[in-house]
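S.K.:
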Amino acid sequence: MSSLPNDAWLVIYITSNLEKQTAYDVTLEPNATNNLKVFSVARVNRLTVISNDMIERRIGTLLEKEKKKIGNKIEKMQTIFLSNG
Numbered sequence: 008m009s010s011l012p013n014d015a016w017l018v019i020y021i022t023s024n025l026e027k028q029t030a031y032d033v034t035l036e037p038n039a040t041n042n043l044k045v046f047s048v049a050r051v052n053r054l055t056v057i058s059n060d061m062i063e064r065r066i067g068t069l070l071e072k073e074k075k076k077i078g079n080k081i082e083k084m085q086t087i088f089l090s091n092g
């Protein structure tokens with residue numbers, strides 16, 4: 008996987024709509040680190056890259072265990088994508 012430019016971020020869509028979850032969703036529990044107000048899901052199959060100038064503020068940070076779960080889902084998607092190519 009190639010690296011992003013220094014002025015860009017890989018962003019994952021997060022929603023509090025817990026209906027219609029997929030195998031690529033990671034549940035996020037509200038805590039003092041992520042500053043979420045309600046249970047949410049990171050929709051790992053909804054990725055985009057944005058530039059630094061599009062970021063207005065930081066809401067919070069994911070816990071290491073959440074980052075690992077998301078990383079595992081990205082690896083799974085990559086494996087499926089490459090095997091279908």
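Numbering (our numbering), first residue to last: 8 to 92. Idealized CB from N, CA, C, for every residue including glycine. Given the structure is predicted, the values throughout are model-derived calculations rather than measurements.
(1) Can you tell me where the beta strand (DSSP E) holding SER90 begins and where it ends?
(2) Here's a check: name, in chain order, each residue in its chain whose Cβ is nearer than 6 Å to the Cβ of ARG53, leaving out the five neighbours to either side.
(3) Report buried or exposed for LYS80, applying the criterion of at least 16 other Cβ atoms within 10 angstroms of its Cβ.
(4) For ILE87 versus VAL51, is the C-beta distance shorter than 8 Å?
(5) So, for SER58: in the same chain, excluding its five sequence neighbours on each side, which residues have a beta-carbon less than 7 Å away from its beta-carbon?
(6) Thinking THR22 and SER47 are a contact (beta carbons under 8 Å), I'd like their distance in whole angstroms, please.
M.R.: In brief:
(1) Counting along the chain, SER90 falls outside any beta strand (DSSP E), though it belongs to the alpha helix (DSSP H) covering 71-90.
(2) TYR20
(3) buried
(4) No, they are not a contact pair.
(5) The answer, listed in chain order, is ASP14, ALA15.
(6) The Cβ separation is near 6 Å, so the contact holds.
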